[in-house]
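Notes for the one structure printed next.
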Amino acid sequence: MKDVAMYTTSQLFGEKTTGGLKRFLELYKGLITHGIKVDLYTADSPDILNKYNVSAFSIKSMSQSNSIFIPTELKILIANRNIIKKIKHKHYDAVIVFDVPTAIGLCLAGIKNIHLFIRQDLIAYKKISISEKTRNKLLQNIYLFFMKLCEAICLIKATKIVVQCKYDYYKIISRHRIIKYLIRNKFIIQINNVNPSWIVENSEIANINSNESKGNNFQSFTIGFIGNFNDERKGQKLFIKAIKNLIDRGFQIRAFLIGDGKKQEIYKKECNSYPMINFMGRLENPIKIIKECDLIVVPSLADSCPNTVMEALYNETPVIGARTGGIPEILDDKDALFEPNVASLQKKIEHMLNRDNLNKLRKQQIQRKKELEFDWSSAIIKHLDIQ
């Protein structure tokens, strides 16, 4: 059996966990279940690890840097140099790490056998986030060049590279044509499943706490959106504008927006005259709302494999998504896709207001759900050959 380490600079058991962290923890649990010994390195405190009865090495965490050119991960690397030395000296057969910002520190420290999981189109994501911090095109381009350089280093140093969709693979290869012959044979494309443990568990909880039939709590057509309002990548602007336009045209629509963030208050003010647009804040279990909605909308401007799509598919709530990133591969149905603009989204929602069209989509997605129900951890273990 191979000696495996899993390394993250984030808190796995914090109050807010991203989809990527949920997948990281899912893989950790899967490896343990399959009898694989794993050394876990995480930013969770020893007290939190004891609380959850998890054996792990606790690393020092840092608050997010406000500086564009002083990456938080660099400060974390310096603060945890003794931990990094320990990882290096143990000579693991596989060091599993998610995404370039975390992996770059390990690569620069000379860690061997890195198995890099890329959970996002780094440049597409950063292009959106940097544009919110500065309008200076020169600074934007310098920052994105730096990110591309970090990505190239990680791709060269990694032993294996796991991506969630063909989109991410082709995007990375086209971005790094100079080194593509060095990296292309390292790639493993493994789509996510709709039945990871947290979706199954949250769905069971939602079943207990909700009515048996969907949508019967509301007379109007109910539409849901889930996303971080501080992250424009999630496309909340498109969603809100499209919903407003449809309400203005007389359609009986009730929208539920789940998520938090400082920018949420701005959107709330913009919707003061639209009582049918409801801001729910952050919910511990958003699946209860997903099950009660007639339709879920995922208008992401960039997204590899959004959890919201998987949660909707698993619970058989019709879902439509933007034709961006890996969303078309997950849904695998042109009827469920729209272009990432207000007009296209509005037209698609209006099409789904017809119950016949909605039911047709639901039937198609029930079949897609069956195709995406599998043991994801087992698939990864087989790909990485770490049994």
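In the working numbering, the protein residues as written are 593 to 979.
By construction, the Cβ of each residue, glycine as well, lies at the ideal position given by its N, Cα and C atoms.
Subject >> Contact under 8 Å by Cβ, V687 with I706 >> reply: yes
**OP:** Taking F779 as the reference, give the member of N801, I748, K740 with the closest Cα.
**Re:** I748
Original post:
For M872, which residues of its own chain have a beta-carbon under 6 Å away from its beta-carbon, when the five flanking residues on both sides are left out?
Top reply: F848, I850, listed in sequence order.
Subject >> Collapsed DSSP secondary structure at I922 in the structure displayed >> reply: helix
**OP:** Determine which residues share a DSSP beta bridge with D631 and list them.
**Re:** A597
Original post:
Which residue comes first and which comes last in the beta strand (DSSP E) that contains A935?
Top reply: Note, A935: premise wrong, no beta strand (DSSP E); alpha helix (DSSP H) at 934-944.
Original post:
At what residue ranges does the stretch 817-871 contain a whole run of the beta strand (DSSP E), taking only runs of 3 or more?
Top reply: Secondary structure within the stretch 817-871: the beta strand (DSSP E) runs of 3 or more consecutive residues, fully enclosed, are 845-850 (chain order).
Subject >> Status (buried if at least 16 other CB within 10 Å, exposed otherwise) for Y684 >> reply: Sixteen is the threshold: when 16 or more other Cβ atoms of the shown chains lie within 10 Å of the Cβ of Y684, as they do, the residue is buried.
Subject >> Per-residue DSSP class, three states only, for H768 >> reply: If DSSP states are grouped into helix, strand and coil, H768 belongs with coil.
Subject >> At least three beta-carbon pairs within less than 8 Å, the stretch 946-963 to the stretch 907-919 >> reply: yes
Original post:
Going by the beta-carbon positions, is the gap between I783 and E921 smaller than 8 Å?
Top reply: yes
Subject >> Straight-line Cα distance separating Q712 from Q756 >> reply: 9 Å
Original post:
Nearest CA to the CA of N785: which residue from D852, T610, P898, K725?
Top reply: When only C-alpha atoms are compared, the closest one is P898.
Subject >> Cα-Cα separation, I978 to V889 >> reply: 38 Å
Subject >> Helix, strand or coil at T609 [DSSP, three-state] >> reply: coil
Subject >> Inter-residue spacing [alpha-carbon to alpha-carbon] between S602 and F843 >> reply: 43 Å
Subject >> CB of S789 within 8 Å of CB of E618, strictly >> reply: yes
Original post:
Span of the beta strand (DSSP E) holding V890?
Top reply: 887-890
Original post:
Can you give the beta carbon distance from N672 to I651, rounded, assuming they're within the 8 Å contact cut?
Top reply: 5 Å
**OP:** Over the uninterrupted beta strand (DSSP E) stretch that includes A604, give me the two end residues.
**Re:** Inspection of the sequence shows that residue 604 is occupied by Leu rather than by Ala. Unbroken run through L604: none, as it is neither H nor E.
**OP:** Kindly identify the DSSP beta-bridge partner or partners of V792.
**Re:** DSSP lists no partner for V792.
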